[in-house]
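Have a look at the structure below before the remarks.
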Amino acid sequence: MLLTTAIFSGIALVLFFINKKENGKQVEGLKIGARQLWQTLPLILGAFILAGMIEVLIPVEFVKNWLSTEAGLKGIFLGTFGGMLLAMGPYAAFPIIASVLASGAGLGTVVSLITGWALLGLSKAPFESTFFGLKFFLYKSILSIPFCLAAGLAAHTLDLLLN
Amino acid sequence: MKKSLLVIAIASIILVLIAKLVGGSGLVLTGLEKAWSTAVQSFLMLVVSFMVIGQLHVLLTKEKLDKWLGKYSGIKGILISALAGGFFPGGPYIYYPFARTLADKGMPFYILIAFLFGKNIYDFSRIPMEASLVDPKVALIRLLITLLIPIISGLLAKRLFEHRSVEDDLAREGE
């Protein structure tokens, strides 16, 4: 997180000087940024609360046990929706996915699980619906499901070919 | 924004009540602690990223964006946008406000879709973590298999929602 903050600080500084040179509106940019942060802060804080509650309400052990021995088409399907339920950041989600892999789940299950987590992960839902609307969130989720299933299916086929 | 805030507040209250019923006050507190910890950890990053958003707001005029889109529209725009998403740092509380700023400036819907799918699928800063915490072979296979997803999503969005804009959608939802 420190690295990301440092990267953004560098970008902000560069953009500040570009604006100073190009249009002299760098201070206006700072004011707009501050105003937008102020306006958005209640939403972001609300989304943090929502994401925190989603994270504690989803039984991670259940997802883990549910997927650990799954392979084949059923595994791909369950992996996609299991990924959606892993409402957490990569530091928490990847060790869980690793334990699902270690428990004997198929490659298709694991790939659909990672893709489902990346595209459908419920922790993103509060932010997605806040900034782009509920309809956008639903459309994006519906569009993402076939991609997760296809990714799982491709990995499963590859697994069959390799072994 | 007021409607979004209302929806978030209602959803939060419902989930808090469910947590209270399922696991008592302890579970509610754990959820709130997680939220507080994320808020504290990301506060500085939020301030800095909104400084970037503000500077971009004055830098990217409609004319500049139109010129850029004239040069990089279609498949080229989708590719660049998907890669930009992959390299874009930060969590959802950073890239969604950023993408919304671009949407407000008139960025086409399909370019935004490519950006968001690029961020979700590629996220190049996440790959070392995926390789080390899950498995390097699995991470590589996953990346190769999903490589085309942001491009296909962008193309699909271009074909299906060519004239759609996020502003119109939000207006229809009463924002």
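Respectively, the protein sequence lines represent chains A and B.
So the number in my numbering is just where the residue sits in the first sequence, counting from 1, plus 4.
So the number in my numbering is just where the residue sits in the second sequence, counting from 1, plus 912.
All residues carry an ideal CB built from backbone N, CA and C; glycine is no exception.
Note that the structure is a prediction, hence the values are computed from the model and not measured.
Just to make sure I have the definition right: I need the residues of chain A whose C-beta is within less than 8 Å of the C-beta of residue i. Which are they?
i, result
"residue 987 (chain B)", "Those do not exist, as residue 987 (chain B) stays about 18 Å from chain A at its closest Cβ, beyond 8 Å."
"residue 957 (chain B)", "5, 8, 9 and 12"
"residue 997 (chain B)", "Those within 8 Å of residue 997 (chain B) in chain A number zero; the least Cβ separation is about 12 Å."
"residue 1001 (chain B)", "7, 8, 11 and 12"
List, in order along the chain, the chain B residues whose C-beta lies closer than 7 Å to that of residue i?
i, result
"residue 87 (chain A)", "Chain B residues near residue 87 (chain A): none, gap ~11 Å exceeds 7 Å."
"residue 27 (chain A)", "970"
Under the assumption that residue i contacts residue j (Cβ atoms under 8 Å), give the Cβ distance between them as a whole number of angstroms.
i, j, result
"residue 123 (chain A)", "residue 151 (chain A)", "6 Å"
"residue 134 (chain A)", "residue 51 (chain A)", "6 Å"
"residue 1000 (chain B)", "residue 1007 (chain B)", "6 Å"
"residue 1050 (chain B)", "residue 105 (chain A)", "7 Å"
"residue 100 (chain A)", "residue 64 (chain A)", "6 Å"
"residue 157 (chain A)", "residue 113 (chain A)", "Incorrect: roughly 11 Å between the Cβ atoms, too far for contact."
"residue 98 (chain A)", "residue 1042 (chain B)", "6 Å"
"residue 120 (chain A)", "residue 85 (chain A)", "7 Å"
"residue 1069 (chain B)", "residue 1022 (chain B)", "4 Å"
"residue 58 (chain A)", "residue 148 (chain A)", "That pair is no contact at about 17 Å."
"residue 1005 (chain B)", "residue 992 (chain B)", "Contact flag wrong, Cβ pair sits at about 24 Å."
Following the continuous alpha helix (DSSP H) through residue i, name the residue where it begins and the one where it ends.
i, result
"residue 161 (chain A)", "138-166"
"residue 84 (chain A)", "76-89"
"residue 1012 (chain B)", "1004-1016"
"residue 115 (chain A)", "111-124"
"residue 32 (chain A)", "30-61"
"residue 1022 (chain B)", "1021-1033"
"residue 128 (chain A)", "From DSSP, residue 128 (chain A) is part of no alpha helix (DSSP H); its letter is neither H nor E."
"residue 995 (chain B)", "986-999"
"residue 1038 (chain B)", "Careful: residue 1038 (chain B) lies outside any alpha helix (DSSP H) and carries neither H nor E."
"residue 8 (chain A)", "6-26"
"residue 1073 (chain B)", "No alpha helix (DSSP H) contains residue 1073 (chain B), which DSSP labels as neither H nor E."
"residue 1060 (chain B)", "That residue, residue 1060 (chain B), is in no alpha helix (DSSP H); it is neither H nor E in DSSP."
"residue 105 (chain A)", "94-106"
Would you call residue i buried or exposed, if buried means 16 or more other Cβ atoms sit within 10 Å of its Cβ?
i, result
"residue 937 (chain B)", "exposed"
"residue 42 (chain A)", "exposed"
"residue 1071 (chain B)", "exposed"
"residue 1030 (chain B)", "buried"
"residue 1011 (chain B)", "buried"
"residue 976 (chain B)", "exposed"
"residue 67 (chain A)", "buried"
"residue 947 (chain B)", "buried"
"residue 987 (chain B)", "exposed"
"residue 95 (chain A)", "exposed"
"residue 967 (chain B)", "buried"
"residue 80 (chain A)", "buried"
"residue 955 (chain B)", "exposed"
"residue 1016 (chain B)", "exposed"
Interface residues of chain A around residue i at Cβ under 9 Å?
i, result
"residue 1042 (chain B)", "94, 98, 101 and 118"
"residue 1019 (chain B)", "What residue 1019 (chain B) touches in chain A: nothing, since even the nearest Cβ is about 12 Å away."
Judging by CA-CA distance, which residue of the options is the nearest neighbour of residue i?
i, options, result
"residue 77 (chain A)", "A:99, A:110, A:10 and A:86", "A:110"
"residue 969 (chain B)", "B:1040, B:1026, B:1019 and B:925", "B:1019"
"residue 48 (chain A)", "A:121, A:114 and A:132", "A:132"
"residue 125 (chain A)", "A:63, A:6, A:91 and A:31", "A:91"
"residue 1028 (chain B)", "B:955, B:1065 and B:950", "B:1065"
"residue 958 (chain B)", "A:53, A:54 and A:44", "A:44"
"residue 995 (chain B)", "B:1068, B:944, B:1061 and B:1017", "B:1061"
"residue 963 (chain B)", "A:14, A:147, A:119 and A:155", "A:14"
"residue 160 (chain A)", "A:146, A:115 and A:130", "A:115"
"residue 88 (chain A)", "A:31, A:25, A:26 and A:129", "A:129"
"residue 1038 (chain B)", "B:1013, B:933, B:989 and B:1003", "B:1003"
"residue 27 (chain A)", "B:985, B:1032 and B:971", "B:971"
"residue 19 (chain A)", "A:7, A:33 and A:40", "A:33"
"residue 143 (chain A)", "B:1057, B:1040 and B:1025", "B:1025"
"residue 944 (chain B)", "B:960, B:1014 and B:925", "B:925"
Cβ of residue i versus every heavy atom of the ligand GTP: is any distance shorter than 7 Å?
i, result
"residue 1003 (chain B)", "With respect to small molecules bound, the structure shown includes none, and the ligand GTP cannot be examined in it."
What residues from chain B crowd round residue i, counting only those whose CB sits closer than 9 Å?
i, result
"residue 48 (chain A)", "951, 954, 958, 1005 and 1009"
Could you name the residues of chain A that residue i contacts, counting a contact when the two beta carbons are closer than 7 Å?
i, result
"residue 946 (chain B)", "56, 59 and 60"
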